[in-house]
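In the working numbering, the protein residues as written are 848 to 1061.
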């Protein structure tokens, strides 16, 4: 893999096991606000940044729905759980980052806001492996738009064809592929469908498989 210079990671569902917790929290807030069909909304929002998630929430619950209030309440509950129980790493993450960091530049391209990305990765002890952090509050167009991956590659001085993107969500894979990265999908909450199998470079079962590829 001499042509590969860097690996760009999504965070939620790839580095930290946050997606399952977020699904539970979204369900709780939906109950509080008496919202129906939240599972379909979660699926539509998976991998999106805050701004785009608000637009999806409005599509589901009406143009006057306060999507920011919904997301703020979700963040409040998430931080309560994080403070009391922590959010664990996904399997094989630390050993894979240790292995890859000896060969490649590593960086993050996450739809989550930077303040949360930095805090969460520091808390699980892996922030030190990454050269840059490109986040959802720094781009105009979130995933599946390629902007965040293009910006992440520029932040480390590499062209997209020199980078591998690692994603778990459909929107994330679409974003990485559209930016021109070789894209590895490690499905978390939703298995790879025919579209993902056709556009992803590799489909892996866990981060451990990445060590065999790179």
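Built from N, CA and C at the ideal position, the CB exists for glycine as well.
The model shown is predicted, which means the values in this text are computed figures rather than measured ones.
Counting along the chain, the unbroken alpha helix (DSSP H) around residue 962 starts and ends at 961-970. Beta-bridge pairing by DSSP links residue 933 to no other residue. Annotation: residue 1017 is outside any beta strand (DSSP E); the continuous alpha helix (DSSP H) that includes it extends over 1017-1026. About 11 Å separates the CB atoms of residue 1016 and residue 858; that is not less than 8 Å, and the two are not in contact.
Secondary structure at residue 859: strand, using DSSP grouped into helix, strand and coil. In this structure residue 888 is buried. Its beta-carbon is surrounded by 16 or more other beta-carbon atoms within 10 angstroms. Between residue 1023 and residue 876, the C-beta gap is not smaller than 9 Å, which leaves the two residues out of contact. Taking every protein chain shown into account, the CB of residue 866 has 16 or more other CB atoms within 10 angstroms, so this residue is buried.
A straight line joining the alpha-carbon of residue 1025 with that of residue 1047 spans about 11 Å.
Between residue 985 and residue 1001, the C-beta spacing is not below 9 Å.
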